[in-house]
Amino acid sequence: MKRFIGEPLCSPGLRITHHALRVTSHLIIMDDNYIYILIVSILGAAIRSGTPVLFATVGEILTERSGILNLGLEGMILTGAVCGYGVNHFTGNLLLGVLAGVLAGGIISLIHAFLTVTLRANQVVSGIALTIFGTGVSGLFGKNLVGIPAQGFKPLPIPVLSKIPLLGDILFDQDILVYFSYILIPLTYYYIFKTRAGLELRSVGENPRTADSMGINVTWIRYFYVFAGGLLCGLGGVYLSLAYTPMWVQDMSAGRGWVAIALVIFATWNPLKAAFGAYLFGGVEALQLRIQAMGIASIPAPLLKMLPYIFTILVLLIATSGKARRRLGGPASLGIPYVREERD
């Protein structure tokens with residue numbers, strides 16, 4: 199029997215056990231910095247991964263609160279991503295890139311507004327067509343930009359706050375778009391539920407005829423919030439191509455638009471709950487990426503990539519089952535075109 203240097207003469211089984219004990223003892227001796235770095239890495243990545251989904255989800259909440267269902271989020275995200283990346287690439291100006299991507303998402307959304315509000319087309323069909331259109335447009339304009347690195351957003355630690363143990367590294371060592379999302383969540387909640395404009399928005403989504411009789415311009419309200427939702431979807435796309443993965447990759451949204459639509463229902467049209475759902479999705483995605491990096495051969499890579507989406511479906515099923523379905527409380531006129539009656 200061959201003797202290994204530094205190991206006692208023993209059977210193969212005992213040698214394996216001896217090696218396993220040495221690895222285990224090494225992990226036990228390992229200082230707490232490793233665990234700290236791992237936690238910060240996963241949770242920080244969860245915030246970054248959830249941010250584009252959060253932008254799209256909040257945008258869809260505003261749109262659906264007005265009574266319009268928009269299934270074109272995927273197309274708007276991709277359009278915003280390619281336009282933001284392209285303008286930044288050719289001008290070298292991040293701000294112009296952000297503005298271009300945001301406006302691209304908004305302009306694309308106006309197509310949906312015209313079809314569904316003015317022409318009263320089927321909102322589901324229009325939204326799916328918008329996704330196909332946006333995917334095609336992004337592929338056309340982005341074909342010569344694939345794989346070219348961009349000068350994207352860099353982490354911007356906030357003084358004092360970034361020094362807070364654990365939370366500082368997770369929450370306050372991010373880029374400026376992540377910080378904007380922190381502000382967006384409470385502002386949107388306050389706007390929807392605590393302001394007169396938010397009351398008008400909710401009234402149009404609940405009963406547009408009553409809102410119209412009170413002097414609220416239903417058409418204007420719906421156009422405005424479909425456009426606002428498109429702007430936020432465009433911002434989500436900009437975040438993907440200029441911050442999360444600073445380059446353009448075809449279909450880089452990877453289904454995040456559909457995830458955002460599901461999270462609107464999970465969040466019961468509430469921006470605060472939407473943040474929780476988006477970061478939860480981001481956490482599962484970050485976790486599966488870490489597992490892939492660890493190289494655990496027993497878990498197939500395609501299965502790991504499916505985890506965030508499987509998790510989203512399971513959460514949605516739980517949120518919409520039984521008593522939970524009755525408590526959802528979505529806008530009563532969601533997806534229903536409004537036909538204004540003639541007045542004498």
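Numbering (the numbering used here), first residue to last: 199 to 542. Note that beta-carbon positions come from the ideal geometry of N, C-alpha and C, so glycine has one too. Quick caveat: nothing in here was measured; it's all calculated off a predicted structure.
Alpha-carbon spacing of residue i relative to residue j, whole angstroms
i: Gly366; j: Thr249; result: 17 Å
i: Ile383; j: Ala458; result: 15 Å
i: Ala426; j: Tyr477; result: 22 Å
i: Tyr232; j: Val322; result: 48 Å
i: Thr314; j: Asp410; result: 18 Å
i: Val537; j: Ala319; result: 12 Å
i: His224; j: Lys361; result: For His224, the predicted structure reports a pLDDT of 44, less than 50, and the residue's modelled location is therefore unreliable. The matter cannot be settled from this model.
i: Leu532; j: Trp467; result: 12 Å
i: Phe474; j: Tyr283; result: 28 Å
i: Val221; j: Ala244; result: Here Val221 scores only 38 on pLDDT, less than 50, and its place in the model should not be relied on; the value that follows carries that caveat. Rounded to whole angstroms, Val221 to Ala244 spans 29 Å at the Cα level.
i: Leu364; j: Phe312; result: 48 Å
i: Phe351; j: Met412; result: 46 Å
i: Gly265; j: Leu512; result: 26 Å
i: Gln486; j: Ser247; result: 12 Å
i: Leu294; j: Ala279; result: 13 Å
i: Gly435; j: Glu483; result: 17 Å
i: Gly290; j: Ile368; result: 29 Å
i: Phe479; j: Lys503; result: 12 Å
i: Asp371; j: Gly303; result: 28 Å
i: Leu430; j: Ile235; result: 32 Å
Continuous alpha helix (DSSP H) stretch holding residue i: start and end
i: Arg488; result: Pro469 to Met492
i: Glu539; result: First-last for Glu539: undefined, no H or E at that position.
i: Gly265; result: Unbroken run through Gly265: none, as it is neither H nor E.
i: Ala426; result: Val416 to Tyr437
i: Asp373; result: Element bounds for Asp373: n/a, residue is neither H nor E.
i: Arg394; result: Arg394 to Glu404
i: Thr277; result: Leu271 to Thr289
i: Val462; result: Arg454 to Phe464
i: Gly413; result: No alpha helix (DSSP H) contains Gly413, which DSSP labels as neither H nor E.
i: Ser307; result: Leu292 to Ala311
Candidates the options, of which the one nearest residue i by Cα
i: Phe422; options: Arg400, Gln321 and Leu308; result: Leu308
i: Gly481; options: Val238, Ala460 and Leu338; result: Val238
i: Lys469; options: Thr277, Leu276, Glu258 and Ser531; result: Per the sequence shown, the amino acid found at residue 469 is Pro instead of Lys. The shortest Cα separation from Pro469 among Thr277, Leu276, Glu258 and Ser531 belongs to Glu258.
i: Leu343; options: Val416, Ser439 and Leu487; result: Ser439
i: Ile489; options: Gly475, Pro506 and Lys471; result: Pro506
i: Leu328; options: Leu487, Ala441 and Gly428; result: Gly428
i: Glu539; options: Pro406, Leu487 and Trp456; result: Pro406
i: Thr333; options: Tyr437, Tyr234, Ala452 and Tyr380; result: Ala452
i: Leu433; options: Gly242, Gly290, Leu276 and Leu515; result: Leu276
i: Trp418; options: Ala395, Ala348 and Gly527; result: Ala395
i: Ile374; options: Tyr442, Gly345 and Trp456; result: Tyr442
i: Gly325; options: Gly270, Pro353 and Leu515; result: Gly270
i: Ile240; options: Ala491, Pro498, Thr510 and Ile508; result: Ala491
Strand pairing of residue i, partner residues [DSSP]
i: Trp446; result: Val344
Short CB-CB distance (under 9 Å) between residue i and chain D
i: Glu539; result: Looking for chain D here will not work: only one protein chain is present.
Classification of residue i by the beta-carbon crowding that lies within 10 angstroms, buried from 16 upward
i: Asp449; result: exposed
i: Lys471; result: buried
i: Gly273; result: buried
i: Ile390; result: buried
Any non-hydrogen atom of the ligand ADP closer than 8 Å to residue i Cβ
i: Tyr387; result: For the structure depicted, the ligand ADP is absent and the ligand set is empty, with no information on it obtainable.
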